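Under my numbering, read the sequence shown as residues 16 to 345, first letter to last.
Ideal Cβ placement from N, Cα and C applies to all residues, glycine included.
In this text, all values refer to a predicted model and were calculated from it rather than measured experimentally.
What follows is one structure encoded as structure tokens, with my remarks underneath.
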Amino acid sequence: MKYTQLGRTGLKVSRLVLGTMNFGPQTDEADSHAIMDAALDARINYFDTANVYGWGDNKGRTEEIIGNWFAKGGERRDKVVLATKVYGNMAADGDAWPNHDKLSALNIRRAVDASLKRLQTDYIDVYQFHHVDRRTPFEEIWQAIDVLVQQGKILYVGSSNFPGYKIAQANEIAARRGGTIGLVSEQCLYNLAERRAEMEVIPAAQEYGLGVIPWSPLQGGLLGGVIKKEVEGGRRASGRAADSLANTTIRAQIQSYEDLLDKHGIEPGEAALAWLLTRPGVTGPIVGPRTAEQLDSALRAVELELSDELLTGLDEIFPGPGPSPEAFAW
């Protein structure tokens, strides 16, 4: 496994991030524990979750599965850089009481304590805002965070799904307050097929020293060889990938992508991950395996070297927006 610093911090994290969103809804507890053991054996040390994972009536279940795994001992907790998130409504029926969601100081305090209990740990390495809260000022948010840092309940703070201007706003206010490190990471939707983050989010993250953690690196499976699987095994795409392939233009684009990688003898899903690892500012993509085999495939991507010819070909199929502001100004 390869490692890098998380943004401007001294924290060393693996270049693959283990996403746990499937633990509970798609993968039972025993298999989830096996995947986490396999990830640790492969020396992946960065695990990502969220308080709402488990979804519906089972919100919080994913954190509980991770907590039960930590409780097995074997220095599991000590070896892991643990990231979770706050923002979502935690009521099972979606009917939250006031102040039981978003980023008020009250909800942050309540949510941290609940996550710590489910995770069976006394601290969270990276506590992430799952979405922007347009009604809570950052002065209030940072005051709440400062207290939690002083209490030793969290060490670092990250964002997720933030636009570039909110990254700037958050860290400028943190700097004015003094003594607050501010955001150190940003999780954003970013992959070959979805490159809008290159316009504002990634430049802002680089300017303020945030590590970029792309989520959905395979665009819901679209970049994982869906057409090839459909032809060879009769396995049809589902969900977001199926919706995208219904568009003939996108289907032709994905066919060109798979043809290019077939020419180079590289699996599409591994290439998509490896491409992200070449991108400026990217710490590591989140991989969310449902099985141990899917984790093995992701691990191969870390060692994969993409030639200049292949990178050029990928840019031709999936052109990025170009630098900002030139991409939209001149």
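Out of T24, Q143, G236 and F177, point me to the one whose CA is closest to A212's CA.
Nearest option by C-alpha distance: F177.
Under a three-way DSSP split, which group does S259 fall into?
Three-state DSSP puts S259 in a helix.
Would K27 be called buried (16 or more neighbouring beta carbons within 10 Å of its own) or exposed?
Classification of K27: exposed, given that the 10 Å Cβ count is below 16.
Could you check which residue in N206, R150, D128 and Q135 has the C-alpha nearest to that of L163?
Comparing Cα positions, the closest option is D128.
Can you tell me the Cβ-Cβ gap for R76 and G82, rounded? I've got them flagged as a contact below 8 Å.
Actually they are not in contact, since the Cβ atoms of R76 and G82 sit about 10 Å apart, beyond 8 Å.
Quick test of the definition: if touching needs 3 or more C-beta pairs under 8 Å, does the stretch 242–261 touch the stretch 219–227?
No: the two stretches stay apart, fewer than three of their Cβ pairs being nearer than 8 Å.
Rounded to whole angstroms, what is the Cα-Cα separation between D52 and L310?
Their backbone Cα atoms lie some 11 Å apart in a straight line.
In terms of residue numbering, what span does the alpha helix (DSSP H) encompassing T19 cover?
T19 -> not in any alpha helix (DSSP H); beta strand (DSSP E) instead, spanning Y18 to Q20.
Going by C-alpha to C-alpha distance, which of H146, P295, L238 and K94 sits closest to D274?
Closest option to D274, Cα to Cα, is L238.
So which of S29, G89 and Q41 has the shortest CA-CA distance to L346?
Only positions 16 to 345 of the chain appear in the structure, and residue 346 is not among them; the question remains open.
With a cut-off of 8 Å on the beta carbons, I'd call I8 and S271 a contact; round off their distance for me.
Outside the shown range of the chain (16 to 345) lies residue 8, about which nothing can therefore be said.
If you drop the 5 nearest sequence neighbours on each side, which residues of the same chain put their C-beta closer than 8 Å to that of F153?
Hits under 8 Å: Q184, A185, I188 and A189.
Is the beta carbon of R133 closer than 9 Å to that of E44?
No, the pair does not count as a contact, with Cβ atoms beyond the cut-off.
Short of 6 Å in beta carbon distance, which residues of its chain neighbour Q202, apart from the five on each side in sequence? Order them along the chain.
S175, I228 and W230.
From the DSSP output, read off the bridge partner residues of S174.
Note: S174 sits in a beta bridge opposite F144 and E201.
Would you list the one or two residues that DSSP bridges to L97?
For L97, which the question treats as bridged, DSSP gives the partners F62.
Just to confirm, is the Cβ distance from T195 to V141 under 9 Å?
It is not a contact, given that the beta carbons lie outside the stated cut-off.
Quick one: give me the first and last residue of the beta strand (DSSP E) that S312 is part of.
Looking at the DSSP string, S312 is not in any beta strand (DSSP E); the run it does join, the alpha helix (DSSP H), is A307 to V317.
What separation, rounded to the nearest whole angstrom, lies between the Cα atoms of G89 and I301?
Distance between the alpha carbons of G89 and I301: 24 Å.
Can you name, in chain order, every residue of its own chain whose Cβ lies under 8 Å from the Cβ of W112, other than the five neighbours on each side?
Only A106 meet the Cβ criterion.
In terms of alpha-carbon separation, which member of T24, R58 and G39 lies closest to V317?
Among T24, R58 and G39, the Cα nearest to that of V317 is on R58.
If you run the structure through DSSP and keep just helix, strand and coil, what is T264?
Helix.
Under the rule that 16 or more other beta-carbon atoms within 10 Å means buried, what is A86, buried or exposed?
Its Cβ having fewer than 16 others within 10 Å, A86 is exposed.
What is the DSSP secondary structure of L4, reduced to helix, strand or coil?
Here the chain covers residues 16 to 345 and nothing more, so residue 4 does not appear.
Assign V216 to one of three DSSP states: helix, strand, or coil.
Helix at V216.
Any idea what DSSP makes of G236, helix, strand or coil?
Reduced to three states, the DSSP call for G236 is coil.
How big is the Cα-Cα spacing for D116 and Y138?
Near 21 Å, if we compare the C-alpha coordinates of Y138 and D116.
Please classify L225: does DSSP put it in a helix, a strand, or coil?
Coil at L225, not helix or strand.
When the distance is taken between beta carbons, is P304 closer than 9 Å to L55?
The answer is no: Cβ separation not under 9 Å.
Grab the span of the alpha helix (DSSP H) containing K27 for me, first residue to last.
Segment K27 to S29 is the beta strand (DSSP E) holding K27; no alpha helix (DSSP H) there.
Going straight from the alpha carbon of T136 to that of T263, what length do you get?
Answer to the nearest angstrom: the Cα atoms are 49 Å apart.
Using a threshold of 9 Å, state whether the C-beta atoms of R91 and V199 are closer than that.
Not a contact, by the Cβ cut-off of 9 Å.
One question on the structure: do F144 and G173 come within less than 9 Å of each other, judged by their Cβ atoms?
Taking 9 Å as the Cβ cut-off, F144 and G173 qualify as a contacting pair.
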